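Protein chains in written order, with the numbering used here: chain A, 1 to 327; chain B, 1 to 401; chain C, 1 to 284.
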C-alpha cells in the first residue's frame, strides 16, 4: 500500500470512528468540516510554502454564499454548495493573485490586510450579510432522497463529502502540479529557472484551497443554521492556521489530526475551565518548541519507537541556536 | 474507489446508529434530573457577563433544588461569545435532553441560539439587546427579559428632556448595526416630537476603541446634551474620553444603555458624577423581590447583585416556575405556561406578553453620584425615574409562527 | 476648523501608535522575528499602571516602573523561550507568540478579573487645555509631548550609539555583526526587551485614555502591524511617519466617513505593500 492510500484509509478510519467516541454528531461534523479547511490550508502552507491568513475570508464567503442561495433562490442544496465552492475559489484567486506578488512576511501581512478588509466589508454591507447579527434562518434542505435534519444524518453527509474532498486533494497533491508545488516551495528560483509558471501554479493552489475552504464554510453554515460575522473574522483564519500547524504540514492527513485535536480539545477544555485559552496558549508554545512536525510527527515517532521495539525515545530538546535564523 | 467510499458511508451510519447512546455522557444519561442550560460567554471579551450570569443561574437552581419530584441542575455552556460555538453547543445539549435554556449576552449569539432552540422544541430566555429577538425574528421558543431599544429611549431621553427644558441641542454617537439604529430611531422620534434639534450623529464600527475623533465632531456641533448609544466597553470608552475632553462640564451626558453595576465599577465615581445612565436593573430598586434577592446575594457572595447576575437569576427562575406550572419540561408546554405569566419580579410587577414573548418591565434612568455622597462602595447612582414603554407586537414587527 | 481639531487629535493618536509600533519594527528589523505577542506587552504595561495606581502608588512612579517591568519580563521570555525559535520558519514564530499572547491575556483575567478598570490621569493633567474654541485634554497634550521627547531619544539611541549601529548592521547581516566580535545574543535580548518595553510604555500611557480591559492587546497588535507594514519593517522613521498617518487618517475619517475608517486603513495597508513592497521607508 502506498502512502497516499494509507493516508486516505486513515482519514476514512477517522470519519468512521468519530461516531464511536463523540457524544454528538454536531461536534463530529465540526471536526470533519475543519479538517477540510485545514487540509486546504495545508495545500498552501505545506505544499506551496504560503502562510495565508486569508483562509477565513474563503470560509466566511462560503457560509454567506450557501445562506444567500438557499434564502433567496429555490436552487437545490447541491447547487448551493457548488456556488459556495465557486465563491471560495474566485475570492482565493483574487487574493492569491495579489498576495503572491510579495514574499515572506509581506505576503503574510498582505493576506492579513485582506482578511481585515473582507471582515469590514461584510460588516458594512449588513443588508446582504446581516452584519453583526449574521445571516439567520439558513435552512438545511434534503439532498435528493436523504433528509439531513438529524445531526448524525448530517454527519454522514459531511463525512462523505469530506472523504471525497480529501481524495481529491490527495490527487492534486500527488499530480505533477502538486509535485511542482513542492519544488516551488523548496527552491522557487530554481523552479522558475527550469521554466515552471510559478505564479500561475501558486494562484491555482490558492484557487483549489479557496474552493475547499468555501465548501467547508458552507457546510458549517448549514450545520449551525446561521452564517455569523465571526466566520469571516481574522480569528477564523488564525484558528484554521493553528489547526494546520498543530497537525503538521508533511501530508494532508496531518491536517485531519490537527483539526480533530484542536476542535475536540477546545471543546473539552472550555467545558472544564473558563480560562481554558491559557492552556491552549501554552500548548501552542509546546508544539512550536518540541513538536515542529506536529501531531503527525509525534505519531511517526511513536510508530517508529514501536517498530524498533524500544521504549519511546526521550525527545531531544531543540538546541538553542543564536546565530542562525530562518525566514 | 467508489465502492470503498460507499462501504465507509454505511459503516459510519451503522456505527452512528448503534452506538449513539454510548456517546452520551453518564452525567446526563441519568435522565431523571432536570438540567437547565446556561449558554453564556465564559471566555472571550464578554467573560465578565458570563461569570456573573452563571453565578445567578447557579444560585436559583440551588435554592429551588427540586421540582416535579426531580432534582434540578444546570450546565454552564461556554459560548465564547461566538454564535457558531453557541449554536453548536446548544445543539449538543439538546441532543442530551436539555430543553430549557437561559443565557445569551451578545445579540448575535442570542438570535442564533433562539432559532436553534425553537427548532428543537425547547425554550430559550435571554437578556440580549437585539430587538429582533422579540421583533422581526420572534419565534415560539424564544423569550426576552430586557426592555427593547424603544423603551430604553422612551424611559431615558424623554424624562431627561422634560427635566432639562434648556437642553435644546442633542448630539448622538451610535454603533453602526441594528441595535444602534434601533436606539437612534427611537431617539429621533422623540426629538421630533419635542422640538429638539438633533445637531449631529456619529456612526462607528463595533470594533472601535478610539472615540476622540467622534467626540471632536460632537464638540464642534456645540450640543447641550450628548446621547451615547453604544454599550459595554465601547460606552465606557466613549464616556471616559468624553469626560477627558471636558464635555461633562459643557453639556449633559446620557448613556442610554448602561450595564449597571458591573460597568460602574470600571468607570468609578469620578467619571460618573452628574452623568445620566439608562439601566435594565439596579440593585437599589425598591421592590420586595429585589430587596429579597439583594439580601440573599449579600449573605451568600458578600456583594450586590449586578445586572448579569440578577437577570440570569430571574430568567432561570421563570423557566423553573413555568416548568413547575406546566408539570413538565417539554418545551412547548413550558412556553405555553410562560405566555401571559404575571409575577412579582425584580423591577416590580412584570408580565410576559404572550404575543411576542417580551417581558413587560420597568426601565430606569439613573444619575451618577459624587464620591462623597456615596453611602457604600456600590452606591454609584440614584434612580431618577422609571417606567414601562413598549411598542405593540405589531409595531415591533413580530409575526409569531 | 474641525479638520484642524482632527489633525491635532490625529497627531496625538499617531504618536501613541508610533510608540507601540516602533518596538515591533525594530524587533523585526534585527531579529526577523514576527511577534504576535507585541500586543500582550502593551496590555501588561497598561495593567501594571492600573494595579499600581489602585494600590495607591503615584501615577508617575507607575509610568516609570511599568515599562521597566515589562522589559524585564520580555528579556526573560526572550532568554528562556524565544531565542530557541529564531532559526525556525515564521510559522513557528507566529505559533509561539500567538500562544504567549493568549497566556498573558488569560493571566491578566485571572489576576485582575475579566471586567477591566479605569485609571485616572494625574491630578495635574486632569483638566482640559482651552484656546478659544480649541479644547483638548491636558493629558493627551502631555502624551504628545512625552512621545516626542521619547522619539528623539530613540532616534539618538538608534542612530548615534554603538547599540544602534549594531542594530542597524544586524538588520542587514547578522554574520557581519558576529564577525565584528559583538555578542549578538545579548544584543538580541536587549533589543527585544527595548521593543517590548516601548509597547509596555505605550500601554501605560494609554491607560488613562482608554482604561484597561483584558482584550486591549489584540486591538493594539492590529494597529501595530498596520503601522509597521506601511512604514516599512525595521524602519524607525517609517514607523513615525506611518503612525502619524494612521492616527490622522483615523481621526479625520471620523468626520468624513466614520464607517469607512477601518476599511480605508486596511485598504491603504494592502496598497502600500503592493506598490511599495518595503513600506514607505523600509530597508531593503
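The C-beta atom is built at its ideal place from N, Cα and C for all residues, glycine as well. Being a predicted model, the structure only gives us computed values, none of them experimental.
- Between the beta-carbon of residue 150 (chain B) and that of residue 392 (chain B) there is about 11 Å, and that puts the pair past the 8 Å contact cut.
- Note: residue 169 (chain B) is bridge-paired with B:197 in the DSSP secondary-structure output.
- Within the same chain, and ignoring the five residues on either side of residue 87 (chain B) in sequence, the residues whose Cβ sits closer than 7 Å to its Cβ are 112, 113, 116.
- Using a CB distance below 8 Å, the part of the segment 93–123 of chain A facing chain C consists of 98, 101, 102, 104, 105, 106, 108, 109, 110, 112, 113, 114, 116, 117, 120, 121, ordered along the chain.
- Taken through DSSP and simplified to helix, strand or coil, residue 309 (chain B) comes out as helix.
- For residue 276 (chain A), the C-beta contacts it makes with chain B under 7 Å involve 43, in order along the chain.
- Distance from the Cα of residue 10 (chain C) is smallest, within the candidate group C:116, C:241, C:268, for C:241.
- The beta-carbon separation of residue 33 (chain A) and residue 216 (chain A), rounded to 5 Å, stays under the 8 Å limit for a contact.
- A Cβ-Cβ distance of about 5 Å is found for the pair residue 278 (chain C) and residue 232 (chain C), placing them in contact under the 8 Å criterion.
- The way I'd put it, the segment 317–324 of chain B doesn't touch the segment 274–294 of chain B; fewer than three beta-carbon pairs between them come closer than 8 Å.
- The beta-carbon distance between residue 207 (chain C) and residue 46 (chain C), rounded to whole angstroms, is 4 Å. This is short enough to meet the 8 Å contact definition.
- By the beta-carbon neighbour count (other beta carbons within 10 angstroms, threshold 16), residue 222 (chain A) is buried.
- Less than 8 Å divides the Cβ of residue 134 (chain A) from the Cβ of residue 226 (chain A).
- Residue 164 (chain A) has no beta-bridge partner at all, per DSSP.
- The CB of residue 214 (chain B) comes closer than 8 Å to the CB of 254, 258 in chain C, given here in chain order.
- Under the 8 Å criterion on CB atoms, residue 126 (chain A) is classed as interfacial with respect to chain B.
- In this structure the segment 103–119 of chain A does not lie against the segment 173–183 of chain A, because fewer than three pairs of beta carbons, one per stretch, are closer than 8 Å.
- For residue 147 (chain A), the three-state secondary structure derived from DSSP is coil.
- Listed along chain C, the residues sitting closer than 8 Å to residue 238 (chain A) by beta-carbon distance are 98.
- Contact between residue 14 (chain C) and residue 243 (chain C) holds, with the beta-carbon distance rounding to 5 Å and staying under 8 Å.
- Following the DSSP letters along the chain, one finds residue 61 (chain C) inside the alpha helix (DSSP H) bounded by residues 59–80.
- In the three-state DSSP reduction, residue 50 (chain A) falls in the coil class, being neither helix nor strand.
- Under the 8 Å Cβ criterion, the segment 186–205 of chain A counts as touching the segment 94–103 of chain A, having at least three qualifying pairs.
- For residue 262 (chain A), the closest C-alpha among the options A:238, A:59, A:188, A:54 is that of A:238.
- Three or more beta-carbon pairs drawn from the segment 151–167 of chain A and the segment 33–53 of chain A are found closer than 8 Å, and the two stretches are therefore classed as touching.
- Within the same chain, and ignoring the five residues on either side of residue 25 (chain A) in sequence, the residues whose Cβ sits closer than 7 Å to its Cβ are 151, 152, 154, 155.
- Short of 7 Å from the beta carbon of residue 137 (chain B), and not among the five residues preceding or following it, lie these beta carbons of its own chain, in chain order: 111.
- By the 16-neighbour rule on beta-carbons within 10 angstroms, residue 63 (chain A) is buried.
- Its Cα nearest to that of residue 113 (chain C), the residue C:51 stands out among C:250, C:236, C:51, C:122.
- By alpha-carbon distance to residue 253 (chain B), the top candidate from B:286, B:91, B:218, B:285 is B:218.
- Nearest to residue 212 (chain B) by C-alpha distance, out of C:65, C:121, C:248, C:142, is C:248.
- Assigned with DSSP and collapsed to three states, residue 83 (chain C) falls in helix.
- By DSSP's assignment, residue 364 (chain B) forms a beta bridge with B:279, B:386.
- Using a Cβ-Cβ cut-off of 8 Å, residue 88 (chain B) counts as an interface residue toward chain A, since at least one Cβ of chain A sits closer than that to its own.
- Selection C:141, C:264, C:254 evaluated against residue 209 (chain C) yields C:141 as nearest (Cα-Cα).
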